[in-house]
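J.:
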Amino acid sequence: MIEVRLIEQAFDAGDAIRDFAAAHPQSGGVVSFLGQVRADSSQQGDDVEALELQHYAPLTLPGMEALARDVLGRWALDGLLIWHRVGEMAPGDPIVLVAAASRHRRDAFAAADFAMDHLKSESWFWKREKRAGQWAWVEPREQDYADLARWGQIGN
Amino acid sequence: MMARLVFLGRLADLAGGAEREVAPGPLAGVIADMEPELAQALAGPRVRLALNGALVAGDGLVVKAGDELAFLPPVSGG
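Heads up: the sequence lines are chains A and B, in that order. For the first sequence, the positions run 1 to 156 when my numbering is used. For the second sequence, the positions run 1 to 78 when my numbering is used.
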């Protein structure tokens, strides 16, 4: 089962993981990653009031669906869930949830890791943060590109 | 009929809005007609282009009436 969604409202990651696990009783392992809005920023201090994720409809969801198909082609999964928020969020809100279900855990770990690295650096999202009432765009981090590059060396 | 330009991320701030209608024509000319700071940003090497929902190269591109051309700066998701 592939479940890829762009979500405009806050969601409960715990509910989503429970339902996903229940839908895959044959899977011995379910690995999930939850990304949430942090209250501080490595770039500019600890006063983030809000975060906004912008997307471009003609590209963003189709790109996430293509990523999901790629992941399924690389690892033996029973299921894959990719949910990504768009719109305005507050610190502590979930931004992204990836869950992979497989018969054995290693495939699920690797699939979730791969999916996250590609969501961070290759999916069509633009992020900005609000501090002291001022919005500022977040530039991509070099580490994100380095994380992505790992997959060119292993796992292909 | 005009063509529509879409600016994502920080490019929308530079453009003063997320969308803009322009007269059709070669992309180089469309960009050259814009404010210098915006034109410079749009022509940057890390800005990708999507024409009517498909990624395209900018070299030699001609924007036609009714087209939607999006300017996509480096992404920052997750």
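For each residue, glycine too, the CB sits at the ideal point set by N, CA and C.
For residue 63 of chain B and residue 148 of chain A, what's the separation of their Cα atoms in angstroms?
T.: Cα to Cα, the separation comes out at about 33 Å.
J.: If you draw a straight line from the C-alpha of residue 127 of chain A to the C-alpha of residue 54 of chain A, how long is it?
T.: Taking the straight line joining both Cα atoms gives about 6 Å.
J.: Which stretch, first to last residue, makes up the beta strand (DSSP E) that contains residue 94 of chain A?
T.: Residues 94-102.
J.: For chain B, check one thing: does any of its Cβ atoms lie closer than 9 Å to the Cβ of residue 3 of chain A?
T.: Not an interface residue.
J.: Excluding the 5 residues flanking residue 111 of chain A on each side, which residues of the same chain have their C-beta closer than 6 Å to its C-beta?
T.: Within the same chain, residue 111 of chain A has close Cβ partners 71, 75, 77 and 100.
J.: Tell whether a beta-carbon distance below 9 Å holds between residue 89 of chain A and residue 50 of chain A.
T.: It is a contact, given that the beta carbons lie within the stated cut-off.
J.: Counting only beta-carbon separations shorter than 9 Å, does residue 58 of chain B have a partner in chain A?
T.: So no, residue 58 of chain B is outside the interface.
J.: Out of B/67, B/18, B/37 and B/24, which has the shortest C-alpha to C-alpha gap to residue 50 of chain B?
T.: Residue B/67 is the option with its Cα nearest to residue 50 of chain B.
J.: Determine which residues of the region 59-72 of chain B have a Cβ less than 9 Å from any Cβ of chain A, and write them out in chain order.
T.: So the list reads 68, 70 and 72, given in the order they occur along the chain.
J.: Please determine, among A/144, A/95, A/142 and A/63, the residue with the shortest C-alpha to C-alpha distance to residue 54 of chain B.
T.: Per the Cα distances, A/63.
J.: Return the bridge partner residues of residue 54 of chain A from the DSSP annotation.
T.: BP columns for residue 54 of chain A point to A/126.
J.: So is residue 91 of chain A in contact with chain B if we call contact Cβ pairs under 9 Å?
T.: With 9 Å as the cut-off, residue 91 of chain A does not count as an interface residue toward chain B.
J.: Please report how far the alpha carbon of residue 48 of chain A lies from the alpha carbon of residue 38 of chain A, in whole angstroms.
T.: If I take the Cα positions, the gap works out to 8 Å.
J.: Under three-state DSSP, which class holds residue 62 of chain B?
T.: If DSSP states are grouped into helix, strand and coil, residue 62 of chain B belongs with the strands.
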